[in-house]
Each structure stands twice: as structure tokens, then as C-alpha cells.
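Take a look at the structure set out below.
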Amino acid sequence: MFRVSPAPHIKSNLSSRKIMYLVMLALLPAGIAGVYIYGLCSLKVIFISMASCVLWELLFLKFRHKDPRIVLDGSALLTGLLLAYNLPPEVPFWIPVVGAWASIILGKQLFGGLGHNIFNPALVGRVFLQISWPVYMTTWKNPRWALDSVSTATPLAKEGARSFSYIDLFLGNHGGCIGEVCILALLIGVLFLIFTNVISFHTPLSFFGTVMVLAWIFGGKGIFQGDPIFHLLAGGLILGAFFMATDYVTSPLTRRGKIIFGIGCGLLTILIRLKGGYPEGVSYAILFMNAMVPMIDRYTKTRKYGLVKKGR
Amino acid sequence: MKRLLREFLKGITIENPTFRLALGLCPTLAISTSIVNGFGMGLAATFVIVGSNMIVSSIRGVIPSKIRIPSFIVIIATFVTIVELVMKAYFPSLSKALGIFVPLIAVNCIVLGRAEAFASKHGVVRSIFDGLGMGVGFTFALVLISTIREAFGNGTLLGLIIVKGFEPALLFILAPGALLVIGILMGFINHVTER
Chain R
835 MFRVSPAPHI KSNLSSRKIM YLVMLALLPA GIAGVYIYGL CSLKVIFISM ASCVLWELLF
895 LKFRHKDPRI VLDGSALLTG LLLAYNLPPE VPFWIPVVGA WASIILGKQL FGGLGHNIFN
955 PALVGRVFLQ ISWPVYMTTW KNPRWALDSV STATPLAKEG ARSFSYIDLF LGNHGGCIGE
1015 VCILALLIGV LFLIFTNVIS FHTPLSFFGT VMVLAWIFGG KGIFQGDPIF HLLAGGLILG
1075 AFFMATDYVT SPLTRRGKII FGIGCGLLTI LIRLKGGYPE GVSYAILFMN AMVPMIDRYT
1135 KTRKYGLVKK GR
Chain C
305 MKRLLREFLK GITIENPTFR LALGLCPTLA ISTSIVNGFG MGLAATFVIV GSNMIVSSIR
365 GVIPSKIRIP SFIVIIATFV TIVELVMKAY FPSLSKALGI FVPLIAVNCI VLGRAEAFAS
425 KHGVVRSIFD GLGMGVGFTF ALVLISTIRE AFGNGTLLGL IIVKGFEPAL LFILAPGALL
485 VIGILMGFIN HVTER
């Protein structure tokens, strides 16, 4: 069993490099689904994003006179992949390049590289792009078999064009980001990760639970009339909760901390979705909770073996 | 003369209010969206710092130490009012762009900090040079930050378009861009000076 946790540690044969490649493997089905749904333009975005992440990292390592072989740990590739999954399929080619710059340089290397970053690099890139070029980042493409393939609103947009059935949402038959759209494909990858013990399910489950309960209570016209399943399936919740909120570097260490982290993410997501100016809030919620992680870790420290809890 | 030059230069280099002392960040974040605004703000603040330093140091023997802060504030507020009225009369558009941040110079921590830390302990001439250095250092920092923010966030320099077809990154005009630019510049300056 592999878990990032406070001491004592048991040696495991999983290295961070191996984990990176396992996560990438788990993300593969979602990418195939994205390319299948939106066409080859999404493959182009994925390729540019991954390539430019690696190039930015190499440039920075050279600039800092570090060993360029660090790039082989796969974290830049994974960041590029996750960044591309967070982009609409038809963005201009320079959007993933600039996003990769924000992810790798601002999000990771300026903090000291892998393991030292406070925020999830891919999300830093995405939010950078979202704030800078809101038009490109919210122009969605319909699936390629749809009649009007120009642009559309995501199901979460407040003045949503039409309502979607749960099956459409589950299979990804609607406009959205490349990697978040097909829930089925994402879940295949998630099963693989849980089976290989790469991620724990504490953060995602508390995240989903909070989102669903709050969506049920406040999401509808009256109280307790919301649609929790819709809020679970629409937008980037599944992708964000399983693949980004569980990032080892930027999430709490203990089980209790992870649950607090997930609840916080869920709370903020629903707050932004229902009351905020943006239709989707998963990325902002995770980034905000990333900033809280040192504090959560501090208050959920495990007791040292043999110490007795002091009475208050 | 050499000592005066040192008082002047330290505000620009080793004690730069924005990059080394991290003072006066709130107007820096708010108005460094265009070079004109940054420069205007810098000049206004320089005038206030020099003026208040001069008056504070010349009456430093008379002010009872218990009420020195209120007296400093009154002196500073006088100069701020002068700046505000002059700006309204002769540069109405700049005054409109800077808005509330002109009267807020009165509570700028650089001004009060120099009055308390320097002018109330040193002679008039040295205090004037200290204020001048701090003001120029602040102006330099503001112009540097606002050049970067205007170029990337608006695609212009002094209002002129740099490259046709460049799509500006809105982030740099908004508040997070200011924090990013200041942080990166600060880190870069530390990196260069500590080597």
C-alpha cells in the first residue's frame, strides 16, 4: 500500500516517476474520448501543450544550470496533459503554449520545481488563460456529429441553451473541455488508479459528497429541489476531483486533512457555480484549497507514537 | 556632498521602497496599469515625500514626541491636498484615472515611514535628499511595473500599440497580474543582488 503520509515510512517500489506515468496512462482513455468527440483539433492541443511544457521546463533548467535530465521525471508531461484536458478543443495554437509557460514557470519552477510548488501547476496554467483570454477559453465546440458545430455553451452556463440527459453528460455528448467531457472514460482511468493504489479516494469522495448535498439543497428554485446528479456529471468535477485535487504535492498528508480539503473544495465549487460570475468553479476551488494545505496539515498532524494527548 | 549623494541613491537601490522595503504596495497594485498613471503617481508621491520630509525635519525639535504621529499626518495631508488640487486643476484626466489613490497618498506608508524613521532624526538638507531618493525610487519601480503590465495586459506602451495582432493578456491589467509582476521582479532583484 502506497500512501504519502507523515512518518513512519515504509519503503515502496513506487517512485514519483512511475506514479507520473501511471497517472498519464490512466488519463489516456479520457484523451481518446476527447479526440473522438471533438475531432483531431483536440489532439493538436494535447500535443502542443505537452511539448511546450517539456520545452519550458528544459529552458528553465538550463537557465538555472540544473541537470536537464530532471525533465524525464514525467511531471512536465503530466502537467501538459492535464492542462490540455482543461482547454476547449478549438483554442488557437498559442494558448496552450502560454498556458504551459504559466504552468511550468509560474506554477512550478519559480517555487523550486517538483515537490515545492504550492499550487497545482496545470490549474495555474488554466486559470492564467481563463483570466487572460476569457473569450477563447469559453468558446466551446459541439461534438463533431452535431449539426451546429460552431460554438455552444457548456451545460453549466447559467443561460444554458438546452438541457442535457444524464446519458449525454455521462458519455460526453456536449460542449466542454477536451478531457473533462467523457465521464465514462475518466472513470476507467480512476478505477485503474485506485486499483494500483496511486490515489486515495478520501479527497474525491468528500468533494463529491459536499457538491452533491449542497447542489441538492441550494441548486434548485426552492430549497431541496436541486439536481445533484447534474452537478456531479457536468463540468470538470470528476477530472478535477480525481486527477487534480489528489496531486501529492499540493494536497494534505493525513486522511483527516484530505477529507477537510475535499469538503472545502466542494463548498467553494458550489459557491462559484451557483453564485459566482463564472459558470464553473472547480479549478478556482482547488487552487484556493491548495493555498490552505499548509494550515490543514498543521492542524491534522498525527500524534507521535507513545505520546498522550493533553487534556484541555 | 558624497553623503548627500548616498542618501539620494539608497532610495533608488538598496532601500528601494517597493522592491526592498515592500512599502506603499497598495497604490502600486492599484494604479500601475499604465505608464502614464504610474509616472503621475510617482511624481505626486515624490513631491509629498520631499515636502513632508523638509517640514518635519525643520520642526523636529519643536514637536513633542508623544503627538509626533498626528503632527506628521497633518503635515503630510497638507502636501497631499496641494498635489490633489494642482492635479485636478492642470491634469484632470490623470486625476480622474488615479481617483481615490491621490488623497490616499496621505496614508502611504513610505511617506509616514520616512518622516518617522529619517526626517525626525536628521537635518533638513539630508532629509530632502532622502525624500528625493525615495520618491525617485518609488517612481522608478512604478514605471517599471506599469511598463510590463501595460505592454502585456493592454498591448500598448504609453498608449501606442506595439505589435499589431497581439492579443493582450487581461490578467496583467487585473489585480493578480500586479502581484505576479511585483513578485517576479522582487525575486529577480534578490536573485541578482545576492549572487
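Residue numbers (this note's numbering), protein chains in the order written: chain R, 835 to 1146; chain C, 305 to 499.
We treat Cβ as the ideally placed atom computed from N, Cα and C, and that holds for glycine.
Contact annotation: in the stretch 935-965 of chain R, residues whose CB is within less than 8 Å of a CB in chain C are Leu940, Leu944, Phe962, Ile965. Counting along the chain, Thr350(C) sits inside the alpha helix (DSSP H) bounded by residues 339-362. Taking every protein chain shown into account, the CB of Leu1067(R) has 16 or more other CB atoms within 10 angstroms, so this residue is buried.
CA-to-CA, the gap between Thr988(R) and Asn920(R) works out to about 13 Å.
Per DSSP, the unbroken alpha helix (DSSP H) holding Leu489(C) starts and ends at 479-497.
Nearest CB-CB separation between Ala479(C) and chain R: not below the 8 Å threshold. If you check each beta-carbon in the stretch 459-486 of chain C against every beta-carbon of chain R, the ones closer than 9 Å belong to Glu471, Pro472, Ala473, Leu474, Leu475, Phe476, Leu478, Pro480, Gly481, Leu484. For Ser849(R), there is no enclosing alpha helix (DSSP H), as DSSP marks it with neither H nor E. Sequence-distant partners of Leu1071(R) (beyond 5 residues in either direction) whose C-beta falls short of 6 Å from its own C-beta, in its chain, are Val1116. Sequence-distant partners of Ser375(C) (beyond 5 residues in either direction) whose C-beta falls short of 6 Å from its own C-beta, in its chain, are Ile367. Within the stretch 966-981 of chain R, the residues whose Cβ lies closer than 8 Å to any Cβ of chain C are, in chain order, Ser966, Trp967, Pro968. Annotated three-state conformation of Leu1005(R) is helix, per DSSP.
A residue is called buried when at least 16 other Cβ atoms come within 10 angstroms of its Cβ; Asn1031(R) does not meet this threshold and is exposed. If you ignore the 5 residues before and after Phe1026(R), its C-beta comes within less than 6 Å of the C-beta of Ala860, all in its own chain and listed in chain order.
Pro1128(R) is not a Cβ neighbour of Thr1080(R), given a cutoff of 8 Å.
Contact annotation: Ile359(C) and Ile373(C) have beta-carbon atoms that are not nearer than 8 Å.
8 Å or more divides the Cβ of Cys1099(R) from the Cβ of Phe1052(R). The criterion of a C-beta distance shorter than 8 Å is not satisfied by Gly1069(R) and Pro863(R). Residue burial is scored here from C-beta neighbours: Ser1034(R) has at least 16 other C-beta atoms within 10 angstroms and is therefore classed as buried. In terms of Cβ geometry, Leu1102(R) and Met1123(R) form a close pair [threshold 8 Å]. Rounded to the nearest angstrom, the gap between the Cα atoms of Gly437(C) and Pro480(C) is 29 Å. Between the beta-carbon of Ser361(C) and that of Ser431(C) there is about 4 Å, and that keeps the pair under the 8 Å contact cut. Judged by DSSP in its simplified three-state form, Ile1057(R) adopts coil rather than helix or strand. Membership of Asn1124(R) in the alpha helix (DSSP H) is indicated by the continuous run 1116-1133. Residue pairing by DSSP places Ile465(C) opposite Thr460(C) in a beta bridge. In the structure shown, Trp974(R) falls within a strand segment according to DSSP collapsed to helix, strand and coil. The Cβ neighbour count for Trp935(R), taken over all protein chains shown within 10 Å, is at least 16; the residue is labelled buried. By the neighbour-count criterion, in which 16 or more other beta carbons inside 10 Å mark a residue as buried, Trp890(R) falls on the buried side. In the three-state DSSP reduction, Ser450(C) falls in the helix class (H, G or I).
When DSSP states are grouped into helix, strand and coil, Thr988(R) belongs to the coil group. Lys878(R) and Phe953(R) have their alpha carbons spaced roughly 26 Å apart. A direct Cα-Cα distance of roughly 12 Å separates Gly315(C) from Ala326(C). Nearest C-alpha to Asn320(C) among Arg418(C), Val340(C), Ala410(C): Arg418(C).
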